[in-house]
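K.L.:
Protein chains in written order, with the working numbering: chain Y, 2 to 718; chain W, 24 to 237.
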Amino acid sequence: MQDATSFSQYRKQCRESLDNEYLRSALDKFAVAYRTSRGNAFAEFDVDALIKDVADLKDVAVGELDTLIDTFRQQAESVGVQVHMAADAEEANRIICDIAARTGTTKVVKAKSMTAEETLLNHAFEEHGIEATECDLGEWIIQLRHEGPSHMVMPAIHLSRYQVRDLFTEVTGSEQDEDIEKLVKVARRELRQKFAEADMGITGANVAIAETGTIALVTNEGNARLATTLPRVHVALMGIDKLVERVDDALKIIQVLTRNATGQPITSYVTWIGGANECAVGEDGKKEIHFVLLDNGRRELIEDPLFSQVFRCVRCGACANVCPVYRLVGGHKMGHIYIGAIGLILTYFFHGTDKAKHLVQNCINCEACKDICAGGIDLPRLIKAVQVRIQEEEGEPLASVLLGKVMRSRTLFHRLLRAAKYAQKPLATSEGFMRHLPLMFFKEHNYKDLPVIADKAFRDRWPSLKPTVDNPVVRAGLFSGCVQDFVYPEQMEAAVALFADHQVEMKFPMEQSCCGLPVQMMGNMAVSKEVAAQNVRAFIDEEVDYIVTLCASCGSHLKHNYPALLGDDPEFSDTLPGFIDKVIDLSSFVHDVLKLNEDDFSGDGLAATFHSPCHLCRGLGVHEAPRNLIKAAGMDYREAVESEVCCGFGGTYSAKFPELSEQLLKNKIDNVEQTGAELLLTDCPGCVMQLRGGLHKKGSKVTVKHTIEALSERRKK
Amino acid sequence: MAPIETELAVSLRERFMEKARAAAAVVTEISSLDEALAYTVDMCGTRGACRLKVSGCEEHLSEPAEQLCETKHDKIIAAPGLDEHTYGLLAARCNENGFACLSSGLRGQLAGIDIGFTIADAGIAETGTLVLNCPGEELRLATMICEYHVCVVKVQTIVADSFALTDRLRAWFKSGPDYTAFITGPSRTADIERVLTIGVHGPLELHILLLGDV
């Protein structure tokens, strides 16, 4: 449970997690294994279609929520269930403790429920003198340790068998072995006894079906079946987001949920419960059964046009499974109660600004979560939107205000960048790295060497560089982005040379500015909008077939965020779709449009590997083009392990969380060096900066280049 | 004349077996219910599944957990869901072998029963899943507090996927208080170091006896 009271405290906690070797290696292993098992589980399916089905049926459910609740209640009541509505956590706990008091309950067994974690139900039981025992093995372990879960479906993933052995030794009062099978058997017997004496069983619900008033529980251990069979009272606590209309909706959710959660085709048990079932120890031989439907901030979500998609979440936990930051720091630092990308968002709505404000900054925006989400939720965008809301509540941080002021004016921004090149002069080395950092950078940034501002920006070189192309086959507008314009103009020059050879007529509109992603990452949407508008205006009158960018982050931002930023602006209603359609990344342009192949290059067999920028592989869905080009250009291509995992740059993220950025970079460098490649290529100047800085600092022999430089150097003359 | 199994039925049966085995179930093809009873009794006796001390009771436990262990005195097969005739056949076989055969009162056996014997309402090929409609608590307990679960699946009840059962599920759910279980493989956990471990709360083994149309 993350509950830091200041940003620096939160950073400190994250740093401590980094030092937990066991946690790191457990999460690394899981991240790798998960990818394979999920792939196998979905092998026979069209995953995108399944995800769309889930998203659609959940969207329908949100639209009809009040009707669904009414129908669910009527159906459930008709078979003897008592249905309760709880506005917030406190009310839910009060309802449940009242039921306990009325039924003379002194002992409770509790199957795993994130909703009960959300309401802190165990605390309420404790206050009322009721003994509650978690009966899911992982939940029991963390309950005994007085901890919260560190993963939504694997709550004790942060613990080792030795820690469990010590815990069980304490619980049973006799020495235990660290053999996992034996530990599980001990839990089997200890918990069987708890089931035998419990008066009440608590569960959550994975799905609630309106048309029949039935709930479904998904478990591997079978604890939910015992918890709903042996005690004479059953209380199921569920969020109103669990409601769906029909039986087949529930089947669809379960089909996706287990596959996406752990890569299992189905869990050992799926339990469907509706009504006051037979129970020998109940009154009249029947179970007393209650469904408690919890709001606790959920209605606020539905009514929001952007956030209502959060209702599509099926709580599979996959967004944590693939999050590179989760993998470093674990669930206790990557969530308050709900964990992973969805946790950052839900914490704000369920637990308030104070719990969310530091947490929500810990998103590197690599989009791995969006790519894996069972409900197709645009998680990175929502995380950003939460950040914006918090800034609106709490006031914008100074850095964001300053950057916003600068970015609003392209001329001011560019003047500052030009001035910076003089300021850094005494610090620059002959290789183009800053040996010492100016004060504008954080001191923790010394894990990588930072590049210097180029002597002459690309925009200042362009007038003399612009080639004359006779009989052009295609016309390309060049969008440089600020890093390639001011830091790495040689990457742009390489593109110009290659393009000119292949009859590409080029335009470089001078009014273009930063794409706006950095200000958006800081949560400054107003300035982000203004910058987007400037860029669209800059290209409107240019007669070009494509707008080519060498920066995957710029490309993905132009293509996917501009519609959201400018979509409502009447000024751009005619021009925006054309602009967006034309945007293309460098590799796709060379591979798919110019169709360059082996005949266009003279190769030298240099061993090369590729780092796939997040915004290229996930943002733009480009996977093969750059790899094919590297091979076509005659290099000896070697695929690196986890080549599509974030390098740790994340723009302003690396300044906010330098330790985490550094660790991601180290992992990346290890994977790159393992390939034995001499050359590391990538399609994003931000990644070049991060990787080159890290490798240089380490004294590695691997050179980093933008793919275009390697291609351009090998073009046939 | 025995009905000829269609190509579709063959592929459903094979897929069901493949997926059930992938979920760690033991699958055997049989041709009569009698064979199923023989299999179960043989498992209890000759193959040593039935023991006075159930698994876990050999570990160092707390006192209340030890006490519960000590309440088991018989080798027990529970089969609450059977028709009278079939139950009679099973009970007779148990009797011959000195095993207790129960169809009710399982709440009194929470220390554990050795084998729970059931007949599934349907099988789902896509995931190798058994479907058991079990609003009665004895049937539920028989499949939960047993060390081994032996379940007969009639080949003609196997469907391609869970969606093929939508109408039946809806009818069960609407018929009154209902409790339905999808069971796929034995009870399992990976909660300690993500190491897959079988038999947390429920059966340590799931044996599926696939009863053909003979």
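Even glycine gets a Cβ: it sits at the ideal position worked out from N, Cα and C.
In terms of alpha-carbon separation, which member of Y/Ala44, Y/Arg419, Y/Val165 lies closest to Y/Gly264?
P.N.:
The shortest Cα separation from Y/Gly264 among Y/Ala44, Y/Arg419, Y/Val165 belongs to Y/Ala44.
K.L.:
Compare the beta carbon distance of Y/Ala369 and Y/Pro306 with 9 Å and say whether it is the shorter of the two.
P.N.:
Going by C-beta atoms, Y/Ala369 is not nearer than 9 Å to Y/Pro306.
K.L.:
Could you name the residues of the same chain whose beta carbon sits closer than 6 Å to that of Y/Cys314, not counting the 5 residues immediately before and after it, in chain order?
P.N.:
Cβ within range, chain order: Ile343, Gly376.
K.L.:
How big is the Cα-Cα spacing for Y/Leu347 and Y/Ala56?
P.N.:
Those two C-alpha atoms are separated by around 18 Å.
K.L.:
Beta-carbon within less than 7 Å of Y/Leu466's beta-carbon, same chain only, minus the 5 sequence neighbours each way: which residues are those?
P.N.:
Answer for Y/Leu466: Glu494, Val497, listed in chain order.
K.L.:
Would the C-beta of Y/Gln664 count as close to the ligand GTP, meaning under 8 Å from any of its heavy atoms?
P.N.:
Of ligands this structure carries none, so the ligand GTP is not represented either.
K.L.:
I'd like to know whether the C-beta of Y/Phe31 is nearer than 9 Å to at least one C-beta of chain W.
P.N.:
It does: the Cβ of Y/Phe31 has a partner Cβ on chain W nearer than 9 Å.
K.L.:
Does W/His224 come within less than 9 Å of chain Y when only Cβ atoms are used?
P.N.:
It does: the Cβ of W/His224 has a partner Cβ on chain Y nearer than 9 Å.
K.L.:
Please confirm whether Y/Met335 has its beta-carbon closer than 9 Å to some beta-carbon of chain W.
P.N.:
No, no contact with chain W.
K.L.:
Among W/Ala165, W/Val154, W/Ala143, W/Ala114, which has the Cα closest to the Cα of W/Asp137?
P.N.:
Comparing Cα positions, the closest option is W/Ala165.
K.L.:
Would you report the Cα separation of Y/Phe308 and Y/Asn261, rounded to the nearest angstrom?
P.N.:
Their Cα atoms are separated by approximately 22 Å.
K.L.:
Among residues of its own chain, excluding the 5 on either side of W/Leu229, which ones have a beta-carbon nearer than 6 Å to its beta-carbon?
P.N.:
These residues qualify, in order along the chain: Ala48, His172, Gly208, Pro209.
K.L.:
W/Glu149 and Y/Pro266 - do their beta-carbons sit closer together than 9 Å?
P.N.:
Result yes, Cβ atoms of Y/Pro266 and W/Glu149 sit closer than 9 Å.
K.L.:
Please list the partners that W/Met167 has in chain B, where partner means a Cβ-to-Cβ separation under 8 Å.
P.N.:
Chain labels in this structure do not include chain B; the protein chains are Y and W.
K.L.:
I'd like to know if Y/Leu252 contacts chain W, where contact means its C-beta is closer than 9 Å to some C-beta of that chain.
P.N.:
Chain W, which has a Cβ nearer than 9 Å to the Cβ of Y/Leu252, makes this yes.
K.L.:
I'd like the list of long-range same chain contacts for Y/Asp637, defined as Cβ closer than 6 Å, with 5 residues on each side in sequence excluded.
P.N.:
So the list reads Gly606, Ala608, once near-sequence residues are dropped.
K.L.:
CB-CB under 8 Å to Y/Ala477, same chain, minus the five flanking residues each way: which ones, in chain order?
P.N.:
So the list reads Phe500, Val505, Glu506, Met507, Lys508, Val545, Asp546, Tyr547, Ile548, Val549, Phe590, once near-sequence residues are dropped.
K.L.:
Which same chain residues, not among the five before or five after Y/Asn123, have their C-beta less than 6 Å away from its C-beta?
P.N.:
If we look at Y/Asn123 and ignore the five residues flanking it on each side, its Cβ neighbours are Ala133.
K.L.:
Pick helix, strand or coil for Y/Gln492, following the three-state DSSP scheme.
P.N.:
Three-state DSSP puts Y/Gln492 in a helix.
K.L.:
Comparing C-alpha positions only, which one of Y/Pro659, Y/Arg95, Y/Asp461, Y/Ser7 sits nearest to Y/His129?
P.N.:
Among Y/Pro659, Y/Arg95, Y/Asp461, Y/Ser7, the Cα nearest to that of Y/His129 belongs to Y/Arg95.
K.L.:
Please list the segments of the beta strand (DSSP E) lying wholly inside the segment 287-319 of chain Y, counting only runs of 3 or more residues, in order along the chain.
P.N.:
You should have 289-295.
K.L.:
Run the CB neighbour count on Y/Ser529, radius 10 Å, all protein chains shown included, and call it buried at 16 or more, exposed below.
P.N.:
Label assigned to Y/Ser529: buried.
K.L.:
I believe Y/Gly405 touches Y/Val248 by the beta-carbon criterion, under 8 Å. Please report the beta-carbon distance rounded to the nearest angstrom.
P.N.:
That belief does not hold up - the Cβ atoms of Y/Gly405 and Y/Val248 are roughly 51 Å apart, past 8 Å.
K.L.:
At least one CB of chain W closer than 9 Å to the CB of Y/Gln256: is that the case?
P.N.:
Output row for Y/Gln256: interface = yes.
K.L.:
From what residue to what residue does the alpha helix (DSSP H) around Y/Arg628 run?
P.N.:
Residues 625-633.
K.L.:
Could you give the distance in angstroms between the alpha-carbon of W/Asp65 and the alpha-carbon of W/Ala115?
P.N.:
Each residue's alpha carbon lies about 13 Å from the other.
K.L.:
With 16 other CB atoms within 10 Å as the buried threshold, where does Y/Val642 fall?
P.N.:
Y/Val642 is exposed by the Cβ-count criterion.
K.L.:
Check the Cβ-Cβ distances between W/Val49 and every residue of chain Y, and say whether any is below 9 Å.
P.N.:
Cβ-Cβ to chain Y under 9 Å: no for W/Val49.
K.L.:
Does chain W have any CB closer than 9 Å to the CB of Y/Ser269?
P.N.:
Judged by the 9 Å Cβ criterion, Y/Ser269 is in contact with chain W.
K.L.:
In this structure, how does DSSP classify Y/Glu769 when only helix, strand and coil are distinguished?
P.N.:
In this structure chain Y extends from 2 to 718, so residue 769 of chain Y is not present and cannot be described.
K.L.:
Take Y/Met408 as the anchor and find which of Y/Met155, Y/Cys516, Y/Ala626, Y/Gly205 has the nearest alpha-carbon.
P.N.:
When each option's Cα is compared against that of Y/Met408, the closest is Y/Cys516.
K.L.:
Which ranges would you report for the alpha helix (DSSP H) in the segment 121-196 of chain W if only whole runs of at least 4 residues count?
P.N.:
For the segment 121-196 of chain W, whole alpha helix (DSSP H) runs of length 4 or above, ordered along the chain, are 160-167.
K.L.:
Evaluate contact between the segment 213-227 of chain Y and the segment 266-276 of chain Y, counting only Cβ atoms and requiring at least three cross-stretch pairs below 8 Å.
P.N.:
Counting Cβ pairs under 8 Å, three or more are found: they touch.
K.L.:
Whole angstroms is fine: what's the gap from W/Cys124's alpha carbon to W/Lys197's?
P.N.:
Answer to the nearest angstrom: the Cα atoms are 33 Å apart.
K.L.:
Give the DSSP bridge partners of Y/Trp273, in chain order.
P.N.:
For Y/Trp273, which the question treats as bridged, DSSP gives the partners Y/Ala217, W/Thr203.
K.L.:
Pairing CB atoms from the segment 682-698 of chain Y with CB atoms from the segment 558-570 of chain Y, are three or more of them under 8 Å?
P.N.:
Segments in contact, no.
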